[in-house]
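What follows is a short report on a single structure.
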Amino acid sequence: MEKLTSWVEIPPNSDFSIYNLPYGIFSEWLVGTQTTAKATQTAEKARVGVRIGDYVIDLKAVSELGFFDDIAFDKNVFQKNVLNDFIILGKNIHSQVRNRLTSLLLRGNESLKNQADKVLVKVENANMHLPVHIGDYTDFYSSEEHATNVGKMFRDPANALLPNWKHLPVGYHGRASSIVVSGTPIHRPWGQVKPADQENPVFKISQMLDFELEIAFVVGKETALGERVSTSEAEDYIFGLALFNDWSARDIQSWEYVPLGPFLGKNFGSSISAWIVPLEALEIFRTQTPTQEPAVLDYLKFEGLKNYDIQLEVMIKPQHGETKKVCQTNFNYMYWNMCQQLAHHTVNGCNLRVGDVCASGTISGKEKDSFGSMLELTWRGTNPIAMPDGTERKFINDYDTVIMMGFCEKNNIRVGFGEVSGQILPATAFKS
Ligand code: MN
């Protein structure tokens, strides 16, 4: 197969090759003001863009030049400040738009290249926004290694997995309102914490602020209340994937979570990457899921390759000093795949809406440096990570930035997610 190349100059190791073409929402910074106090002002309204190399393709502009005229859909979707209306158009239109863009971007095709100044925006001039309006957010718990590690620490090392874990993809309903786009800082939360050596809980600033390395998928098709989605249909209901950091305050979480699960230890913020990689772009990176034993119930059975080979990394960047890579793992460790998650989510008739986000749960591998949270990497703080500047980390410090990256690579083709980053700011002053 001959490798596709584009007339857009793409750096050799770019996540955003012509094979990727992820969707996002951007607006343009006022030229030259990125570093001034006016940085939050944007010259133009947020709209739909597609990333290639170090450029954003302005789909509103491409559309206004007539390049989608023969594809029947309402072109106003590209002027919206979220992707939902575009997603609602369905896979058939997404495919036609993607094929058209691929062809327009191919080396040798001069039609869009001749208008490049009207449609290409340099990434440094693009202000990225939350890509979808997220109505509901569900977080799963689908990595066996993560669930085992947490079970060992919080419960019983001999029976780390609870009896239900291998029979259903455990999950909980999270908070959609506090999901922010990559680059948005998060304040360290206050909360109720129960010190081990005290009889009563205290109200304090969280001292065990953690990240969770996850992959999220965006729901691409709605269902009616009462309707179920089978594992074989599930991919029709997935628009695309993103990197996701499900920030967690472990000291708040461990006191509050029994019996109804995570609450304030989780809902103070989650970060999602700016670019949603369409499922179509990940097709060649499909891979096996781990063997499921004992066998699952019929509605959770599936056929074919339902996982994706996505290499993942987490970095901690202190306010001063060098960045340190603390985790390297792969999405292919996941025990439960996205199709099973969707089948389980809807098996009772719970309806899906376009823009809903489902996250994988923390992705941990088998090795000590492949764990997807500080809780596991430092084993609840007992084995701190040494930073290049001589300090150590049990959890995340104020002003640390956590950066997660992910990409697929096969046959010299790279499709990546860019990054999801977020800086932790000190807790806000508490007015009682
Ligand atoms: Mn999580």
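Using my numbering, the first residue of the sequence shown is number 330, and each one after it goes up by one.
Here a beta-carbon is modelled for each residue, glycine too, at the ideal position from N, C-alpha and C.
Does the distance between the C-beta of ALA610 and the nearest non-hydrogen atom of the ligand MN fall short of 7 angstroms? Residue mapping note: residue 610 aligns to position 281 of the sequence shown, counting from 1. No, the Cβ of ALA610 stays beyond 7 angstroms of every heavy atom of the ligand MN.
Terminal residues of the alpha helix (DSSP H) in which HIS673 lies: Here the question's residue 673 lines up with position 344 in the sequence shown. From DSSP, the alpha helix (DSSP H) with HIS673 extends over 667-675.
When you compare each of VAL676, GLN670 and ILE692 to ASN661 by their alpha carbons, which one comes out closest? The residue labelled residue 661 in the question sits at position 332 within the sequence shown. Nearest option by C-alpha distance: ILE692.
Residue from VAL587, GLY549 and THR675 whose Cα sits closest to the Cα of VAL558: Numbered from 1 along the sequence shown, position 229 holds the residue referred to as residue 558. Answer by Cα proximity: THR675.
Per DSSP, cross-strand counterpart(s) of ASN574: For this step, residue 574 is matched to residue 245 along the sequence shown. Its beta-bridge partners are LEU542 and SER600.
Exercise answer, beta-carbon shell around the ligand MN heavy atoms below 5 angstroms: ASP468, GLU541 and ASP575
Contact between the stretch 613-629 and the stretch 479-497 (3+ Cβ pairs under 8 angstroms): yes
Please list the terminal residues of the continuous beta strand (DSSP E) segment that includes HIS502. Residue mapping note: residue 502 aligns to position 173 of the sequence shown, counting from 1. Element bounds for HIS502: 500-502.
Terminal residues of the continuous beta strand (DSSP E) containing PHE469? By one-based count along the sequence shown, residue 469 stands at place 140. Taken as a continuous stretch (DSSP letters only), the beta strand (DSSP E) holding PHE469 covers 466-469.
Could you work out which residue in LEU704, GLY633 and ASP387 is closest to ASN456 when comparing CA atoms only? Here residue 456 refers to the residue found at position 127 of the sequence shown. Comparing Cα-Cα distances from ASN456 to each of LEU704, GLY633 and ASP387, the minimum goes to ASP387.
Backbone CA spacing between ASN342 and ASP526 [nearest angstrom]: Here residue 342 refers to the residue found at position 13 when the sequence shown is read from its first residue. Here residue 526 refers to the residue found at position 197 when the sequence shown is read from its first residue. Roughly 51 angstroms between the two C-alpha positions.
8 angstroms Cβ cutoff met for ALA563 and CYS656: Residue numbering aside, residue 563 sits at position 234 when the sequence shown is read from its first letter. Residue numbering aside, residue 656 sits at position 327 when the sequence shown is read from its first letter. Contact flag unset, no.
Whole angstroms is fine: what's the gap from LYS523's alpha carbon to PRO755's? Taking the first residue of the sequence shown as position 1, residue 523 is located at position 194. Taking the first residue of the sequence shown as position 1, residue 755 is located at position 426. Taking the straight line joining both Cα atoms gives about 21 angstroms.
Just verifying my parser: in three-state terms, what is the DSSP assignment at VAL531? In the sequence shown, counting from the first residue as 1, residue 531 sits at position 202. Of the three classes helix, strand and coil, the one that applies to VAL531 here is strand, per DSSP.
Find the nearest neighbour of PRO607 within the set MET734, ASP565 and ASP627, judged by alpha-carbon distance. For the purposes of this step, residue 607 is identified with residue 278 of the sequence shown, where counting begins at 1. Cα-wise, what sits closest to PRO607 is ASP565.
Assigned exposure category for GLU473 - 16 Cβ within 10 Å defines buried: For the purposes of this step, residue 473 is identified with residue 144 of the sequence shown, where counting begins at 1. By the 10 Å Cβ count, GLU473 comes out buried.
I want to know whether the stretch 591-605 touches the stretch 626-637 - three or more CB-CB distances under 8 angstroms. no
Would you say the stretch 691-711 touches the stretch 537-555, given that touching needs at least three Cβ pairs under 8 angstroms? yes
If we call anything under 8 angstroms between Cβ atoms a contact, is ASN413 one with VAL683? For the purposes of this step, residue 413 is taken as the residue at position 84 of the sequence shown. For the purposes of this step, residue 683 is taken as the residue at position 354 of the sequence shown. The answer is yes: Cβ separation under 8 angstroms.
In terms of DSSP beta bridges, what is PHE736 paired with? As a working mapping, residue 736 is identified with position 407 in the sequence shown. GLN640 and GLY745, per the DSSP bridge assignment.
For the alpha helix (DSSP H) that ASN659 lies in, which residues bound it at each end? Stepping through the sequence shown from its first residue, residue 659 is reached at position 330. Taken as a continuous stretch (DSSP letters only), ASN659 belongs to no alpha helix (DSSP H), being part of the beta strand (DSSP E) at 653-659.
For LEU394, does the three-state DSSP call read helix, strand or coil? Here residue 394 refers to the residue found at position 65 when the sequence shown is read from its first residue. In the structure shown, LEU394 sits in coil (DSSP, three-state: anything other than H, G, I, E or B).
If we ignore side chains and look at the alpha-carbon of each, how far apart do VAL452 and PHE597 end up? For this step, residue 452 is matched to residue 123 along the sequence shown. For this step, residue 597 is matched to residue 268 along the sequence shown. So the two alpha carbons sit approximately 29 angstroms from each other.
Output needed for GLN444: all residues of its chain with C-beta closer than 7 angstroms, excluding positions within five of it in sequence on either side, in chain order. Here residue 444 refers to the residue found at position 115 when the sequence shown is read from its first residue. Same-chain partners within the cutoff: LEU394.
Between GLY590 and THR730, what straight-line distance do the alpha-carbon atoms span, to the nearest angstrom? The residue you call residue 590 lines up with position 261 of the sequence shown. The residue you call residue 730 lines up with position 401 of the sequence shown. Roughly 27 angstroms between the two C-alpha positions.
ALA688 - containing beta strand (DSSP E), residue span: Here the question's residue 688 lines up with position 359 in the sequence shown. Where ALA688 is concerned, the enclosing beta strand (DSSP E) stretches over 686-688.
Which residues in the same chain as ALA366 place their Cβ atom closer than 7 angstroms to its Cβ, once the five residues preceding and following it in sequence are excluded? Counting from one through the sequence shown, the residue named residue 366 turns up at place 37. Note that ALA366 has pLDDT 46, beneath the 50 cutoff, so the model's placement of it is unreliable and no number is given.
I need the DSSP call for TRP519, collapsed to helix, strand or coil. Counted from its first residue, the sequence shown places residue 519 at position 190. It is a strand residue.
Roughly how many angstroms separate the alpha carbons of VAL643 and LEU490, rounded to a whole number? Your numbering for residue 643 matches position 314 in the sequence shown. Your numbering for residue 490 matches position 161 in the sequence shown. Roughly 25 angstroms between the two C-alpha positions.
Going by Cα to Cα distance, which pick from PHE573, SER432 and ALA476 is closest to VAL749? For the purposes of this step, residue 749 is taken as the residue at position 420 of the sequence shown. The shortest C-alpha separation from VAL749 is found at PHE573.
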